[in-house]
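Enquirer: In the numbering used here, the protein residues as written are 9 to 396.
1. Measure how close the beta-carbons of residue 97 and residue 37 come, nearest whole angstrom, since I'm counting them as under 8 Å.
2. So for residue 392, helix, strand or coil by DSSP?
3. Hey, which unbroken runs of the beta strand (DSSP E) at 3 residues or more fall wholly within the stretch 96–173?
4. Among 178, 187, 327, 137, which has the Cα closest to the Cα of residue 163?
5. Measure the CB-CB distance between residue 7 and residue 103 and report whether it falls below 9 Å.
6. Using DSSP bridges, identify the partner residues of residue 413.
7. Can you say whether residue 43 is buried or exposed, counting buried as having 16 or more other CB atoms within 10 angstroms of its CB?
8. Within 10 Å of its beta-carbon, does residue 16 have 16 or more other beta-carbons around it, so buried, or fewer, so exposed?
9. Does residue 193 come out as helix, strand or coil in the three-state DSSP assignment?
10. Is it buried or exposed, residue 156, if we count other Cβ atoms within 10 angstroms and call 16 or more buried?
11. Please check the pair residue 23 and residue 307, which I expect to be a contact at CB under 8 Å, by giving their CB distance rounded to whole angstroms.
12. So, at 6 Å on beta carbons, what are the nonlocal neighbours of residue 239 in its own chain, with the 5 sequence-adjacent residues on each side left out?
13. Going by Cα to Cα distance, which pick from 151, 201, 160 is closest to residue 65?
14. DSSP on residue 49, reduced to helix/strand/coil?
15. Could you please give the first and the last residue of the uninterrupted beta strand (DSSP E) stretch that includes residue 81?
16. In chain order, which continuous runs of the alpha helix (DSSP H) of length 4 or greater are located wholly inside the stretch 213–264?
17. Between the stretch 294–307 and the stretch 318–333, can you find at least three pairs of beta-carbon atoms closer than 8 Å?
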């Protein structure tokens, strides 16, 4: 083991654990770790550093799993508009990490294009089927960043469910067509789903419909007008009512369960059709990525994401990392692009100090464009403050 560094209190720092999420639009979680490592080692080359990029179930989840040693698998699936895209999932020892945004995310839409009424999760179902084909026995299904609001109907259709209108024809793709649904038949779902454990990993605990439901809260982010939101909310409510006729009362119960409204209601489809169990995304991913053993080895933890704000405190990766580290008695500091939390809130979250890019470069545009070098400079400051 390398010689331990000593901080200002005289205590030894033997290993730094970098467990940060992406800086959205600037750096991936892997790149964040690389830049922080470079800056730390310029000032404290003797310090041992372990990198464990993290994610909370949204976009970047597969990349975090691959960085932790999972094998990347690519497959051609339908994008949210039906065009074919190449999507990836991660697999290790029978556990698959599937990220719905890989197939059905906003990132799959052409720039400036939204399709709130017609975008479908069919490709997410194809991605799940590919994970089953690869031998997955446990599937961590990370949901977030979706372009869709179809309640997971497309996903379930790809896995064998049938959703028919009054004429016995399949309803068109997208949440805007759910009002046409007359019958739902889940008996054709892939039988392998009965033998695997599906974990719904999300930082969203909204119900399916209503003022806090998927269309009202997240529809506008996907280009939905107020009229579109009303159509989608009514369609999802109708979807749940038809499913209740098909499979019984649990369909209604799942509609108000935490996580049902995640990713345009795909959480509902996972709960009702895949018998998934809901867990906060960051908790699931920390388990899957092996955060516990890495935390035991660390004496200082560095976490972070692009913006540390009120959303961070509600299930985002830095809050999950800080909570686990505090429970283990480990000191936590954070890096970010922008800081919008008061010191009191940071303290309650278990984060001792934050280093935002804007401390170095006040111009936000330059922070985004030059995030890597600026982050290295911040890491040098961290090394001076905590490792020398």
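Heads up, the beta-carbon is just placed ideally off N, CA and C, and yes, glycines get one too.
Expert: Short version:
1. About 17 Å; that fails the 8 Å criterion.
2. helix
3. 103–107, 146–150, 170–172
4. 137
5. Past the edges of the chain, shown from 9 to 396, lies residue 7, and the structure says nothing about it.
6. Here the chain comprises residues numbered 9 to 396, so residue 413 is not present and cannot be evaluated.
7. buried
8. Bear in mind that the predicted position of residue 16 carries a pLDDT of just 48, short of 50, making it unreliable; the figure below should be weighed with that in mind. Residue 16 should be labelled exposed.
9. strand
10. buried
11. 6 Å
12. 184
13. 151
14. helix
15. 79–86
16. 222–226, 234–255, 258–263
17. yes
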